[in-house]
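Have a look at the structure below before the remarks.
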Amino acid sequence: MLNRFPVAVKVLVAPALIIMLMVGIIMTAVVALHQQQSAFFRVVGGSLNTANMTTRLLVSIAEVQSDLLRYSQLEQRLAPSDQLLTDLRRSIKSRYSTIDALFGEIKTTTLGSGEADAVSNISDFLTIHRAVSLRILDGTSSGTTAVSTLMAHYQQLQSYIVELGTRTAESARAAEVQAGLYVNRLSQYILYGSFAVVIGSVLIAFYVGRAISHPLTQLISALTAIAEGNVNVRIPGLKRRDELGEMARAVNVFSSVSRDLRDREHLLTEKSQQLEAASKHKSEFLASMSHELRTPLNAILGFNEMILGQTYGDVPPDMQAPLVQIQASGKHLLRLINNVLDLAKIEAGRMELSLSDYSVYEVVDNVRSTLESLAAEKGLQFVVRLPPDIPVAYGDAGRITQCLMNLAGNAIKFTKRGKVEIAVECRGQVLMYKVTDTGMGIAPEKMETLFTEFKQTDASIANEFGGTGLGLSISKKFIEMHGGRIWVESESGKGSAFIFEVPLRVREGGPT
Amino acid sequence: MSAKTILYVEDNEPNRMIVRDLLKRTTYNLIEAYDGEAGVAMALERRPDMILMDIQLPKISGLEAIRRLRAEPTTATTPIVAITSFALNGDDKKAKDAGATAYLTKPYSPYDLLKLIRNIIPEPS
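Protein chains in written order, with my numbering: chain A, 31 to 542; chain B, 923 to 1047.
Below, the structure is given as structure tokens:
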């Protein structure tokens, strides 16, 4: 097909072709007009010439006739050798030469068949007329009879010459009509030709335009389809040898790249759905695990509490301490279970804050009442410092309590003597909770790993004080979910201060 | 004044035993059901003064049981304490939405439960 020609060639060739067609039609018109002009000149010029000759012939013959009449009149009165007659004889003969010359010319210029007949008749009668004239001149024939015969011949000849004139005029008129017809036809041809050239040009322009725009349109719709996500689009024009073919091949590469991307996207979506499903299963597992673990623990702690509370009668003094240990260990186990479940929920992305208005005073009081006895048992001073003007806060009171309980619990756990202090400050829109102790402090290089899961500053500390080290990392996550931050200020041997800040009013749908 | 009846719906025998032992020395009369459907049926039949409803139950969940009881005129206003293992956030809200009067998390202290019961339906002095 024409597909192998480059677009550039098509764009250049099409106008050239149109211009050539235009030039062709103009040239044809010029040549035809020129030919017509020659033909016209030939016809009109020939007719004019014939008419002219014919007139001169007529005049010459009339002169001969007149000379002969005079001759025959003089002949009767004068002697044959008279000078006048001699002159006349010479004049007549010379006039015949003129007539021959004229007639010869007429014969060469006449064309039509009607004219040829007339010319032949004229020739015959001219011969007869001359023969009669010569007889008169040489004296073999004379008198009125010869003159009247000559007169008859002359009249006949005259009528033939007139006929020739008429015929010539007729053929000239016919040629004129024909020329007119020819001009009409020619102008029609030129008109049709121009029309054809215009249509041809339009067709060429249309073809070239379409040859460029059609594959482009197809490519554009293919690209649109690819953009809409239809990856199995057949790219048209891949086998073209022109620029559009190159473009189609480029689009094909683009299409296969986007097909790859789409495939990968599908794969990713699939994977993420699998992950989501896995996470959901994990979460469901956690929910049921939580129930399964708490139900027996509830029985253990419940029965033990009732035994200690003497619901089943007096407790022997020796059994008192072990029963208290059962209770403490059970509660410790519960805290561990809670921590592990919390962390698992956070990791599964299933931990959500339960936001509501809450009182900072209630949160701190809850922590104080829970830990007061623990601090007292260790002989630690337990101080709470709260300004009286903290506004109502908005956040997850349960989680904030859990964080503060973690920090204060740790402080009591790791402080052997001195005091543990809980202080809350409200600075503008930021709530700052601070737990300070007079414990052993934390070395700077160990502060970084403090909030990482399962890390305690020292394996020996873990042995001495227990705990999983989950409390701080869980607290950190809860505080970050509130859009806050947690950090520690400490000097080894001089105590520590654990501080966290949360917005006074947590933004709904904010950082989680 | 006659003794007040408490219905405890719970599928775990040791936990039922705790409440049974806890209430032995009180004037409360305890009746027990082992699953949600039985709990609803017993509540409608015996019209207890109070219901302790575990949330994780066989057949129908405690939440569904509470909803059904709230739809019945005889138990529409009966105090119901929902007891849950606090698996996910929002359990308390779900219990309240279903129509529970109060909410208790496992493991609970038996004496705290007794306090709660006495607050809601005091023993005749």
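Cβ atoms here follow ideal geometry from the backbone N, Cα and C, with glycine treated the same way.
Bear in mind that the values here come from a model prediction, so they are computed numbers and not experimental data.
(Q) Taking 9 Å as the threshold (beta carbon to beta carbon), is B:Tyr956 in contact with chain A? (A) Cβ-Cβ to chain A under 9 Å: no for B:Tyr956.
Would you give the residue range spanned by the beta strand (DSSP E) that A:Val260 belongs to?
Correcting the residue identity first, residue 260 of chain A is Asn in this sequence and not Val. A:Asn260 -> no beta strand (DSSP E), and no H or E assigned at all.
Are the segment 150-164 of chain A and the segment 199-213 of chain A in contact at 8 Å, needing three or more beta carbon pairs? no
_Residue range of the alpha helix (DSSP H) that includes B:Asn934_ = Careful: B:Asn934 lies outside any alpha helix (DSSP H) and carries neither H nor E.
**Prompt:** Where B:Thr1006 and B:Asp1013 are concerned, what is the direct C-alpha to C-alpha distance, given to the nearest angstrom?
**Reply:** 8 Å
Check: Under the rule that 16 or more other beta-carbon atoms within 10 Å means buried, what is A:Tyr101, buried or exposed?
Finding: buried
For a cutoff of 9 Å on Cβ pairs, would you count A:Pro388 as touching chain B?
In the sequence as presented, Pro is not what sits at residue 388 of chain A; that position holds Tyr. Answer no: the Cβ-Cβ gap between A:Tyr388 and chain B never drops below 9 Å.
- Does the beta-carbon distance from A:Gly513 to A:Arg537 come in below 9 Å? For A:Gly513 and A:Arg537, yes; Cβs fall inside 9 Å.
inquiry  = Check whether chain A comes within 9 Å of B:Leu1015, counting only Cβ atoms and requiring the distance to be less than that.
reply    = Looking at the sequence itself, residue 1015 of chain B is Lys, so the reference to Leu does not match. Yes, its Cβ sits closer than 9 Å to a Cβ of chain A.
Are the beta-carbon atoms belonging to A:Tyr463 and A:Ile504 less than 9 Å from one another?
No. Outside cutoff.
key: chain B within 9 Å of A:Ala308, Cβ atoms only   = Closer than 9 Å: no.
Query raised in the report: Can you name the residues of chain A whose CB is closer than 9 Å to the CB of B:Ser1031?
Result: Leu331, Gly332, Glu335
**Request:** Check the Cβ of A:Thr400 against every Cβ in chain B and list those closer than 8 Å, keeping chain order.
**Result:** Those within 8 Å of A:Thr400 in chain B number zero; the least Cβ separation is about 13 Å.
* Pick helix, strand or coil for A:Lys464, following the three-state DSSP scheme. => strand
Query - Which listed residue (B:Asp971, B:Ala1020, B:Glu986) has its alpha carbon closest to that of B:Asn1041 - result: Nearest C-alpha to B:Asn1041: B:Asp971.
- Which residue's Cα is closest to the Cα of A:Leu249: A:Val281, A:Ser522, A:Ile49, A:Ala307? A:Val281
Exercise for review: Give the interface partners of B:Leu944 over in chain A, defined as CB-CB distance under 9 Å, in chain order.
Suggested key: Gly332, Met336, Thr341
Original post:
How about A:Pro326: is its C-beta nearer than 9 Å to some C-beta of chain B?
Top reply: yes
In chain order, which alpha helix (DSSP H) runs of at least 4 residues are fully inside the segment 342-391 of chain A? Counting whole runs of 4 or more residues, the segment 342-391 of chain A contains the alpha helix (DSSP H) stretches 347-377.
Next on the checklist: For A:Ile55 and A:Ser224, which I take to be in contact (beta-carbon distance under 8 Å), what is that distance rounded to the nearest angstrom?
Outcome noted: 6 Å
Original post:
A:Ile49: buried (16+ other C-beta within 10 angstroms of its C-beta) or exposed?
Top reply: exposed
### Span separating the alpha-carbon of A:Glu451 from that of A:Val413
5 Å
In the DSSP output, what is B:Met972 paired with across the bridge?
B:Ile928
### Task
Compute the Euclidean distance between the alpha carbons of A:His296 and A:Ser288, then round it to the nearest angstrom.
Their Cα atoms are separated by approximately 12 Å.
*Residue-level contact to chain A via CB, B:Met939, 9 Å cutoff*: Closer than 9 Å: yes.
query: Under the three-state reduction of DSSP, which class applies to A:Val162: helix, strand or coil?
result: helix
- Query: If you compare alpha carbons, which of A:Thr128, A:Ser124, A:Gln218 is closest to A:Arg86?
  - Reply: A:Thr128
Practice item. Check whether the segment 983-1002 of chain B touches the segment 1018-1034 of chain B, counting contact only when three or more Cβ pairs, one atom from each stretch, lie closer than 8 Å. Key: yes
For B:Leu966, which option in B:Thr997, B:Tyr950, B:Asn937 has the closest C-alpha, if you only look at C-alpha atoms? B:Thr997
* Asked: How many Å lie between A:Gly239 and A:Arg264 at the Cα?
  -> Distance between the alpha carbons of A:Gly239 and A:Arg264 is about 23 Å.
Check your understanding: To the nearest angstrom, how far is it from the Cα of A:Thr116 to the Cα of A:Leu104?
Key -> 11 Å
### Query
At a CB-CB cut-off below 9 Å, which residues of chain A make contact with B:Lys981?
Here the premise fails: no neighbours, minimum Cβ distance about 16 Å.
TODO: Using the Cα positions of A:Asn328 and A:Asp387, report the straight-line distance between them to the nearest angstrom.
DONE: Whole-angstrom Cα-Cα distance: 31 Å.
Query raised in the report: beta strand (DSSP E) containing B:Leu979: first to last residue?
Result: Taken as a continuous stretch (DSSP letters only), B:Leu979 belongs to no beta strand (DSSP E), as it is neither H nor E.
Spatial distance of B:Glu932 from A:Ile442 (CA atoms):
38 Å
Residue environment, B:Ile1039, which counts as buried when at least 16 other CB atoms sit within 10 Å:
buried
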